[in-house]
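Engineer: So the sequence shown is numbered by the working numbering: it starts at 288 and just counts up by one. Backbone N, C-alpha and C define an ideal beta-carbon position, used for all residues, glycine too. In this text, all values refer to a predicted model and were calculated from it rather than measured experimentally.
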Amino acid sequence: MKKILSAILVLILVLGLVSVRYWEAALFYDPLLLFFEGAYLNTTHLPKLNFFSLMLNISLRYWLNSALSILTLVVLFPRKGIFKISLLLYVALFVLLIIAFSVILMTYDQHLSMLLFYVRRFLIQPIFLLVLVPAFYYNNVLSKA
288 MKKILSAILV LILVLGLVSV RYWEAALFYD PLLLFFEGAY LNTTHLPKLN
338 FFSLMLNISL RYWLNSALSI LTLVVLFPRK GIFKISLLLY VALFVLLIIA
388 FSVILMTYDQ HLSMLLFYVR RFLIQPIFLL VLVPAFYYNN VLSKA
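Quick look at the structure:
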């Protein structure tokens with residue numbers, strides 16, 4: 288019964304992550320959405336954007352995805368250490384990526400467009416969850432052996 292409840296909870300959390308992605312345009316200010324759909328190929332400058340609002344919305348989206356991801360990890364791997372290490376990793380990665388994102392935006396040149404794309408992608412998508420699930424699973428397997 289506990290495994291069924293865990294599976295249902297993981298499904299709900301994953302649906303939450305999918306919902307954030309599905310309604311991204313309605314929920315978050317991000318003029319770079321259209322820019323990276325193809326406009327960056329034909330222009331040498333970024334679209335007009337409100338730097339503070341963009342940083343705030345990117346941060347909100349990161350932490351919303353992070354909360355759903357960390358809860359998913361805690362449900363999948365119910366050990367106290369999983370929450371602590373996940374939170375530490377998400378905080379450290381946020382600090383590193385948001386600084387990189389800010390610097391790239393402030394010094395943007397056309398040759399930085401792909402770097403901006405990938406740094407932004409790590410901030411707005413739950414990519415770390417895809418890395419941490421196999422890592423924690425492998426750690427679980429080694430701990431039991």
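Do you know offhand how far alanine 422's Cα is from isoleucine 411's?
Structural biologist: One C-alpha to the other measures close to 21 Å.
Engineer: Counting pairs of Cβ atoms below 8 Å between the stretch 349 to 365 and the stretch 288 to 303, do you hit three or more?
Structural biologist: Cβ pair count under 8 Å is three or more, so yes.
Engineer: Which residues bound the alpha helix (DSSP H) around leucine 300?
Structural biologist: That run of the alpha helix (DSSP H) goes 289 to 309.
Engineer: Within 8 Å, do at least three Cβ pairs link the stretch 312 to 320 to the stretch 376 to 385?
Structural biologist: Taking 8 Å as the limit for Cβ pairs, the verdict is that the stretch 312 to 320 does not touch the stretch 376 to 385.
Engineer: Assuming contact is defined by CB atoms lying nearer than 9 Å, are leucine 336 and leucine 300 in contact in what I supplied?
Structural biologist: Not in contact: leucine 336 and leucine 300 (Cβ atoms no closer than 9 Å).
Engineer: Have a look at leucine 304 and phenylalanine 409 and give me their C-alpha separation to the nearest angstrom.
Structural biologist: Rounded to whole angstroms, leucine 304 to phenylalanine 409 spans 14 Å at the Cα level.
Engineer: Below 9 Å between beta carbons: does that hold for leucine 383 and isoleucine 391?
Structural biologist: Against a cut-off of 9 Å, the Cβ pair of isoleucine 391 and leucine 383 comes out as no contact.
Engineer: Using a 10 Å radius around the Cβ and a threshold of 16 neighbouring Cβ atoms, would you call leucine 417 buried or exposed?
Structural biologist: Exposed is the call here.
Engineer: Should phenylalanine 338 be labelled buried (16 or more other beta-carbon atoms within 10 Å of its own) or exposed?
Structural biologist: Exposed, because fewer than 16 other Cβ atoms sit within 10 Å of the Cβ of phenylalanine 338.
Engineer: By Cβ distance below 6 Å, which residues in the same chain neighbour isoleucine 345 in space, the five residues on each side in sequence not counted?
Structural biologist: Around isoleucine 345: Leu410.
Engineer: DSSP state of tyrosine 425, grouped into three classes?
Structural biologist: Looking at tyrosine 425 - three-state DSSP - the assignment turns out to be helix.
Engineer: Less than 8 Å between the CB of leucine 419 and some heavy atom of the ligand FMN, yes or no?
Structural biologist: This structure lacks the ligand FMN; in fact it carries no ligand of any kind.
Engineer: Would you identify the three-state DSSP class for glycine 325, choosing helix, strand or coil?
Structural biologist: Here glycine 325 sits in coil by DSSP.
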